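Trainee: Sharing a structure with you now.
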Amino acid sequence: MTPEQQSSSGFRLRMMICQTRRIGIATESCAPRGAEDMTQALQQELILRNLAPWVELQVGPCLGYCSRGPNMRLVGHQLYHGVTLGSLNDICSDIIAILAAQGITPSTPDLTEILPPI
Numbered sequence: 000m001t002p003e004q005q006s007s008s009g010f011r012l013r014m015m016i017c018q019t020r021r022i023g024i025a026t027e028s029c030a031p032r033g034a035e036d037m038t039q040a041l042q043q044e045l046i047l048r049n050l051a052p053w054v055e056l057q058v059g060p061c062l063g064y065c066s067r068g069p070n071m072r073l074v075g076h077q078l079y080h081g082v083t084l085g086s087l088n089d090i091c092s093d094i095i096a097i098l099a100a101q102g103i104t105p106s107t108p109d110l111t112e113i114l115p116p117i
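Here the sequence shown is numbered in numbering that gives the first Met the number 0, starting from 0 and rising by one per residue.
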């Protein structure tokens, strides 16, 4: 998506996240494999990296790779399988690269504004 194609919601990128829970096949769908936890972790990582204003997270339909879940699709760019906490850094790096190609450089937030004092 080019800057001229920014969505009406204001986001530049959309991440579709499968949270399908198949009845009777507990291990062959994304939800039992941790998709909900990965969604929350990705949302927090996007906030910490000041990427949240640019990326819409959308819980979506099955992405068709149940045995390789949790699955996320950065629409128009990349499909991620087996997403773990360890892979969120690579996902965020991809997002930063895509935004940079669009001329967008998210600033590093002042964490004192986000995190409560200790």
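Where a beta carbon is used, it is the ideal one built from N, C-alpha and C, also for glycine. Remember, predicted model here, so these are calculated numbers, not experimental data.
Is it true that the CB of C17 sits closer than 8 Å to the CB of A34?
Mentor: Position 35 of the sequence shown holds residue 34. Position 18 of the sequence shown holds residue 17. Going by C-beta atoms, A34 is nearer than 8 Å to C17.
Trainee: Pick helix, strand or coil for E27, following the three-state DSSP scheme.
Mentor: Here residue 27 refers to the residue found at position 28 when the sequence shown is read from its first residue. It is coil, neither helix nor strand.
Trainee: May I ask which residues mark the beginning and end of the alpha helix (DSSP H) holding L47?
Mentor: Taking the sequence shown and counting its residues from 1, the one referred to as residue 47 is at position 48. It spans 34 to 47 - the alpha helix (DSSP H) in which L47 sits, taken as one unbroken run.
Trainee: Closest to M37 by C-alpha separation, out of V82, D89, I90, would be which residue?
Mentor: One-based indexing of the sequence shown puts residue 37 at position 38. For M37, the nearest C-alpha among the options comes from V82.
Trainee: Ignore the nearest five residues each way along the sequence and tell me which others in Q5's own chain have a CB closer than 7 Å to its CB.
Mentor: The residue you call residue 5 lines up with position 6 of the sequence shown. Residue placement at Q5 cannot be trusted, given a pLDDT of 48 that sits under 50; what the coordinates show is reported in the next sentence. These residues qualify, in order along the chain: R11.
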